[in-house]
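Novice: One structure follows; several queries about it will come next.
Protein chains: 2
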Amino acid sequence: MSRLRVAVVGATGAVGQEMVSVLESRRFPVSDLVPLASERSRGKSVTFHGEAIEVKVLGKDSFRRVDLALFSAGGSISKEMAPVAVKDGAVVVDNSSAFRMEPEVPLVVPEVNPEAIAGHRGIIANPNCSTIIMVVAITPIHRLSPIQRIVASTYQASSGAGARGMDALLRELDGEGRRSSTVPLNTKAQGSPFPHRLAGNLIPRIDVLLDNGYTREEMKMVHETRKIMGLPPIPISATCVRVPVERAHSESIQVTTASPLTLDQIRTALRAAPGVKLEDAPREDIYPMPLIVSGQDDVSVGRIRRHPDEPSTYDLWVVGDQVRKGAALNAVQIAEKLFCA
Amino acid sequence: MSRLRVAVVGATGAVGQEMVSVLESRRFPVSDLVPLASERSRGKSVTFHGEAIEVKVLGKDSFRRVDLALFSAGGSISKEMAPVAVKDGAVVVDNSSAFRMEPEVPLVVPEVNPEAIAGHRGIIANPNCSTIIMVVAITPIHRLSPIQRIVASTYQASSGAGARGMDALLRELDGEGRRSSTVPLNTKAQGSPFPHRLAGNLIPRIDVLLDNGYTREEMKMVHETRKIMGLPPIPISATCVRVPVERAHSESIQVTTASPLTLDQIRTALRAAPGVKLEDAPREDIYPMPLIVSGQDDVSVGRIRRHPDEPSTYDLWVVGDQVRKGAALNAVQIAEKLFCA
C-alpha cells in the first residue's frame, strides 16, 4: 500500500499531539507528516518517529498533495478549512462538532458503524468523546436486543477542555489552597477554561446551555448516539459533569432493552466486542477507573447489574480515555478503515 | 422547656464532631453534653459552647439519666448499645444502618416524613446520607405529582468514609505523585479506607457488594427512599461512585412523575420547600457545586430540565453537605421535632 501525506490540524493541542502519537504507535502508513496549527504555535515542532517536524501555520495552501487531514482545532477552523482540504483532494476526519449532524457527513465509531464511511463526500466526522465511549460500550448490548431507552450521567475529565483544561486542574491541585473546604469558590487557576475551580469540586455544565435546559454536550450524546447507532427516536437523556480527573471520562449508563437478557449474555457479548475491555469483578474491587484507563485504547465496562425492579433494564459503569478513544484514536481508526482496509 | 442531658456516641468522629457543633449552633436545649467514644479516644475532649468536655469511654452505664442519645459510631455499636440507652430511658437517634429497615423503627427526614417520629419505640433511625439528600430534593416534586420511577447516579465525597476518608484524600492530594496519570494505581494513602487511590480517580464501589450486583449503598437508596417517602415499589436504581471531593455529595437524579408538570411548578415548589435551596441559573453558571455547598445546611437543587423525549420525566442535579444534612444536622433536626416542637 502506498504511503500517505497526512496533515494534522491543531497539532500542538492535546488531541492533535495524541493523533501524532497514535499515527506513530499504530504504524499508520505516513509518507510525510504535515503538522499544522495557528500563528501562536509558530516555531514549535512535533516529534514523529524520532524526528522533529516543524509545525506550519495553517493556511489556504496547507493541503496541497495531502491525502488525509485530521482536524482537531475547533469547530470554526473546521468549518472554514475542511472544505479547502477536500477541494485539494484530501479526505478529512474532523474531530470538531462542525459537521457531525449534517445528513451527508458520516459520523463514525469504527466498532459501531464502519459501513457509514463508504458514503462519505470528503468529510467524515469523529463524534463527541462521551458519545464515542458510550456507544462502544452499549452497542454489543443493542445487538443482543434493541435498546429502547438510555439514561447517562457523565464524570468527565479535565482533558475534555484540552491541554489548557488539564493544565488548569493540575495547577489548582499543585497550587495554593489545595484543601478545598478552605478555598473561596473563585480561586480557579489563571487561564482556566472552566467556569469555576475544578479541584475538589464538580461542575455540572459542559459546553453552552441550549433552550431546552440541557447543555450542548448533553444533547450531543442524544443526537450523535442516535445517528451513530442508527436508532429510532428512543428516549435518551444525559447529564454531563466535569470532575477533577485528568484524562479519562467515566459514565454511569442505564439502558433498557426490548427483551430481557441474562448478565452472562451481556458479559459474553462485551468480552467479544472490539474496543471493549470487560472489567467486572467488583467483589475483588475490579471495575473501570480513570486512573487505570488513562492511556488505554479500549473502553472499559463493568459494574453490570440488572435493575432491581425491571428485568430488561441494566446499569453499567463505563470508562474511556478521552484523549485517546474519545478523540485521537477513533479518528485514526476511521482513517485506517479508509486507507488500510 | 426543660434542658436535656444529651449523649453523643462516636463524638470524636467526623459526624460526631459535627453533631456537637450543630447542637451548639442551633442552640439545642442541652443541660449536659456527654461525649462518648471508644477506648482509643480516651483523654480526648470536645469543645461545646467554649468549654472542653472530656470524652468518656462508652460502656453499659453511659446512658444513666440521658434523655437523648445521638449515635454515630457504626452499626455494630448501635446494635449493642442503642437498646441499652433505650432501657435507661433515653431516646436514640441512630445514624448507622443498624435499625433503618426494621418496620417498627421510624426512618426520618424531618422535611419529608416528620409524622413518622410519633410512632417510635425508643429508636429513630437517621437515613443514609445520599438518601437524605435525594429525598429532600425530590419530595417537593412528588407532592406535585406522584413519582413513578427514579434513576440516581451519585458523586460522593470522601467524608462518607468519615474523618479517615477525608484525611486519606487530602494526604493523597498533598503527597507525592499528585499528577494522577504518572501514579501507579496502588499509590493510595496509608490507612486509606478506600479500596483504591481516590485523588485523580473515581471509585464506583461504596459499601459491600450484594447478591444482585448492586452495592449496599446503592440498595440503601432504593429501600430507604421508599420507606421515608412511603412509596409503593416503584422502580428505583442507583449507581454510587466515590469522587475526589472533600465533604459534599452530589447526585444526578432522574424522576418520572404520574403527570406532566411545568418547570415553573417544580421551581416554585422547590423554592418554597424547607431545607431546599434552588440554584438554577445555569446560563449564569449558577448551579449546585460541592465547593459552595460544603458547610451549608440546605440541599441545593439545580439544572432542572424536562427530558427531551418524555414530558413527565425530569433531570436534576442535587448537592448536599454529607456530614451536615447528610448526617449530623438531620439527626439533630429529628431531636428538635421530638423535644422542641
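If you're matching them up, the sequences are chains S and D in order. With the working numbering applied, the first sequence covers 1 to 341. With the working numbering applied, the second sequence covers 342 to 682. Using N, Cα and C, we set each Cβ at its ideal position, and we do this for glycine too.
1. When every heavy atom of the ligand ATP is checked, does at least one fall within less than 6 Å of the C-beta of D:I575?
2. For S:E24, which residues of its own chain have a beta-carbon under 7 Å away from its beta-carbon, when the five flanking residues on both sides are left out?
3. Along the segment 195-208 of chain S, what residues have a CB closer than 9 Å to any CB found in chain D?
4. D:V387 and D:V347 look like a contact to me (Cβ under 8 Å); what is the Cβ gap, rounded to whole Å?
5. Would a check of beta-carbon distances place S:R303 closer than 7 Å to chain D?
6. Have a look at the DSSP bridge pairing and note the partners of S:R306.
7. Measure from the alpha carbon of S:I123 to the alpha carbon of each residue in S:L316, S:P83 and S:G165, then state which is nearest.
8. Taking all protein chains shown into account, do 16 or more other C-beta atoms lie within 10 angstroms of the C-beta of D:R546, making it buried, or fewer, making it exposed?
9. Excluding the 5 residues preceding and the 5 following S:L144 in the sequence, name in chain order all residues of the same chain whose CB lies nearer than 8 Å to its CB.
10. Quick one: does D:E517 have its CB under 7 Å from some CB of chain S?
11. Taking the beta strand (DSSP E) that D:S600 belongs to, which residues open and close that run?
12. Take S:V8 as the anchor and find which of S:V332, S:E336 and S:A341 has the nearest alpha-carbon.
13. Quick one: measure Cβ to Cβ for D:S438 and D:C581, integer angstroms, because I've assumed they're closer than 8 Å.
14. Grab me the residues of S:D207's own chain with a C-beta within less than 7 Å of its C-beta, minus the 5 sequence neighbours each way, in chain order.
15. Between the segment 647-659 of chain D and chain S, which residues of the former have a C-beta closer than 9 Å to a C-beta of the latter?
16. DSSP three-state label for D:S522, please.
17. Which residues, taken in chain order from the segment 570-598 of chain D, show a beta carbon closer than 8 Å to some beta carbon of chain S?
18. Taking 8 Å as the threshold, find out whether the segment 143-159 of chain S comes into contact with the segment 661-673 of chain D through three or more Cβ pairs.
19. Could you name the residues of the segment 484-501 of chain D whose beta carbon sits closer than 8 Å to any beta carbon of chain S, in the order they occur along the chain?
20. Which residues in the same chain as S:R100 place their Cβ atom closer than 7 Å to its Cβ, once the five residues preceding and following it in sequence are excluded?
21. Looking at C-alpha atoms only, which residue of D:V642, D:G351, D:V492 and D:I418 is the closest neighbour of S:I237?
22. Going along the chain, which unbroken runs of the alpha helix (DSSP H) with 4 or more residues stay wholly within the segment 373-451 of chain D?
23. Once DSSP output is grouped into helix, strand and coil, what is the label at S:G13?
24. Taking just the CA atoms, how far does D:E452 sit from D:L572?
25. Determine, using beta carbons only, whether D:L632 comes closer than 7 Å to chain S.
26. Between which residues of its own chain and D:Q358 is the CB-CB distance below 6 Å, once the five residues before and five after are set aside?
27. Nearest CA to the CA of D:V396: which residue from D:R367, D:V361 and D:V477?
28. What distance in whole Å lies between the Cβ atoms of S:I234 and S:I147, which are believed to be in contact at a cut-off of 8 Å?
29. Taking the DSSP output, what are the residues bridged to S:L209?
30. Can you give the Cα-Cα distance for S:V109 and D:G415, rounded to whole angstroms?
31. Can you give me the C-alpha to C-alpha distance between D:I544 and S:W317, rounded to a whole angstrom?
32. Does S:P193 have its Cβ less than 7 Å from a Cβ in chain D?
33. How is S:Q156 classed by DSSP in three states: helix, strand or coil?
34. Under 8 Å between beta-carbons, which chain D residues line up against S:V222? List them in chain order, please.
35. The beta strand (DSSP E) that contains D:V617, what's its start and end?
36. Do the CB positions of S:S294 and S:R247 come within less than 7 Å of each other?
Specialist: So, to answer that:
1. No copy of the ligand ATP occurs in the structure displayed, which carries no ligand at all.
2. Taken in chain order, the residues that qualify are F48 and H49.
3. Residues of the segment 195-208 of chain S that bring their beta carbon within less than 9 Å of a beta carbon in chain D comprise P195, H196, R197, A199, G200, N201, L202, I203, P204, R205 and V208, in sequence order.
4. Their Cβ separation, rounded to whole angstroms, is 12 Å, which puts D:V387 and D:V347 out of contact at 8 Å.
5. Flagged as an interface residue toward chain D: S:R303, by a C-beta distance shorter than 7 Å.
6. In the DSSP output, where bridge partners are listed per residue, S:R306 has S:Y314.
7. Ranking the options by Cα distance to S:I123, first place goes to S:P83.
8. Buried, since its Cβ has 16 or more Cβ neighbours within 10 Å.
9. If the five residues before and after S:L144 are omitted, its C-beta is found closer than 8 Å to the C-beta atoms of T257, L261, Q265, I266 and A269, all from its own chain and listed in chain order.
10. Its pLDDT being 45, under 50, D:E517 is placed unreliably in this model, and the value from its coordinates should be taken loosely. No, no contact with chain S.
11. In the DSSP annotation of this structure, D:S600 is not part of any beta strand (DSSP E), being labelled neither H nor E.
12. The shortest Cα separation from S:V8 among S:V332, S:E336 and S:A341 belongs to S:V332.
13. D:S438 to D:C581, Cβ: 14 Å. No contact.
14. Result list for S:D207: T215, R216 and E217, in chain order.
15. Sequence-ordered contacts of the segment 647-659 of chain D with chain S read R647, H648, P649, D650, E651, T654, D656, L657 and W658 [C-beta pairs closer than 9 Å].
16. In this prediction, D:S522 scores a pLDDT of 48, lower than 50, which makes its location untrustworthy; the coordinate-derived value is nonetheless stated afterwards. Three-state DSSP puts D:S522 in a helix.
17. Within the segment 570-598 of chain D, the residues whose Cβ lies closer than 8 Å to some Cβ of chain S are P574, I575, P576, I577, S578, T580, V582, V584, P585, V586, E587, R588, S591, S593 and Q595, listed in chain order.
18. Result no; under three Cβ-Cβ pairs closer than 8 Å.
19. Correct list: V492, S494 and Y496.
20. If we look at S:R100 and ignore the five residues flanking it on each side, its Cβ neighbours are L107, A125, P127 and E224.
21. It should be noted that the sequence gives Ser, not Ile, for residue 237 of chain S. For S:S237, the closest of D:V642, D:G351, D:V492 and D:I418 by C-alpha to C-alpha distance is D:V492.
22. Fully enclosed alpha helix (DSSP H) runs of 4 or longer: 416-428.
23. Note: S:G13 maps to coil in three-state DSSP.
24. Rounded to the nearest whole angstrom, the CA to CA distance from D:L572 to D:E452 is 16 Å.
25. By this cut-off, D:L632 is an interface position.
26. Taken in chain order, the list of residues that qualify is empty.
27. Cα-wise, what sits closest to D:V396 is D:V361.
28. S:I234 and S:I147 do touch by the CB rule: their CB atoms are close to 7 Å apart, below 8 Å.
29. According to the DSSP secondary-structure assignment, S:L209 is paired through a beta bridge with S:T215.
30. Their backbone Cα atoms lie some 48 Å apart in a straight line.
31. Taking the CA atoms as reference points, D:I544 sits about 10 Å from S:W317.
32. False, the Cβ-Cβ gap to chain D never drops below 7 Å.
33. Note: S:Q156 maps to strand in three-state DSSP.
34. The contacting residues are P649.
35. That run of the beta strand (DSSP E) goes V617 to L619.
36. Cβ atoms of S:S294 and S:R247: closer than 7 Å.
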